[in-house]
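Structure first, commentary second.
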Amino acid sequence: MRLLRTTTHPSLQHFCGKRFHRQAARAIILREQDILMLYTERYHDYTLPGGGVDDGEDLQQGLIRELKEETGAQNVQNIQPFGRYEEFRPWYKDDADIMHMESYCYTCDIDAELTAPAFEQHEIANGMRPVWINIHEAIAHNENTMANSDKKGMSIERETFLLKLIVKELLA
């Protein structure tokens with residue numbers, strides 16, 4: 007899958023130490039100018055639905071599972087690769103110093119009606135919910151959060167980059 011971008015957290019001055027590798031699958035689901043996103047109240051941001059791929063899953067299986075859990079999406083079909091976004095971040099768990107995160111993004115279609123999500127406890131605590139939003143509004147919202155919030159991190163930068171690329175490549 008094509009590499010869209012590689013980013014490194016500004017605090018990482020070197021890549022010495024033990025690395026932890028995480029793969030995630032993220033969905034791009036469009037309906038004209040609207041996109042299915044996850045709004046997280048705690049971080050005041052919009053992100054693509056998706057998340058970490060479990061042991062024994064391939065990327066597309068993880069994508070389908072995450073979509074169902076986070077949005078209630080049914081009948082995921084027409085899955086097509088869009089691109090891979092790579093990040094290097096500090097990591098403070100599992101005796102690792104650096105997390106190497108690869109987000110594999112796919113376009114896909116789903117049934118019009120969403121069922122109830124099956125959020126994990128931390129997602130509920132963070133105020134996560136699926137929403138259809140105009141993609142330009144999501145970009146403007148995330149840019150405002152990045153400019154005015156101390157809660158921002160690498161995730162919102164990734165998501166905003168991806169949203170802008172989606173507009174450029176899929177909605178032009």
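For reference, each letter of the sequence shown is one residue, going 7 to 178 in this note's numbering.
We treat Cβ as the ideally placed atom computed from N, Cα and C, and that holds for glycine.
I'd like to know whether the C-beta atoms of residue i and residue j end up nearer to each other than 8 angstroms.
i, j, result
"Ile172", "Ile34", "yes"
"Lys157", "His50", "yes"
"Thr46", "Asn132", "yes"
"Val82", "Ile41", "no"
"Glu75", "Pro136", "no"
"Ile145", "Lys170", "yes"
"Met43", "Tyr110", "no"
"Arg32", "Gly56", "yes"
Could you please give me the residues that DSSP links to residue i through a beta bridge?
i, result
"Cys111", "Arg32 and Gly89"
"Thr14", "Phe94"
"Gln66", "Note: Gln66 sits in no beta bridge, so no partner."
"Ile41", "Leu36 and Ile139"
"His27", "His106"
"Gln83", "Asp115"
"Met134", "Thr46"
"Gly56", "Arg32"
Helix, strand or coil: which one does DSSP assign to residue i?
i, result
"Leu169", "helix"
"Asp151", "The sequence given here places Thr at residue 151; Asp does not occur at that position. Note: Thr151 maps to helix in three-state DSSP."
"Arg8", "coil"
"His50", "coil"
"Lys99", "coil"
"Gln127", "helix"
"Ala146", "helix"
"Leu73", "helix"
"Leu120", "coil"
Counting only beta-carbon atoms, is residue i nearer than 8 angstroms to chain B?
i, result
"Gly68", "Of the chains in the structure shown, none is chain B; there is only one protein chain."
My understanding is that residue i touches residue j, with C-beta atoms under 8 angstroms, so please give their C-beta distance in whole angstroms.
i, j, result
"Arg90", "Leu9", "5 angstroms"
"Ser161", "Thr12", "Contact flag wrong, Cβ pair sits at about 15 angstroms."
"Glu59", "Ala79", "Checking the sequence shown, residue 59 turns out to be Val, not Glu. Going by Cβ atoms, the distance from Val59 to Ala79 rounds to 17 angstroms, so no, they are not a contact pair."
"Arg164", "Glu93", "7 angstroms"
"Gln39", "Ile141", "6 angstroms"
Do the stretch 64–71 and the stretch 93–107 touch if we need at least three Cβ pairs shorter than 8 angstroms? The stretch 64–71 is not in contact with the stretch 93–107.
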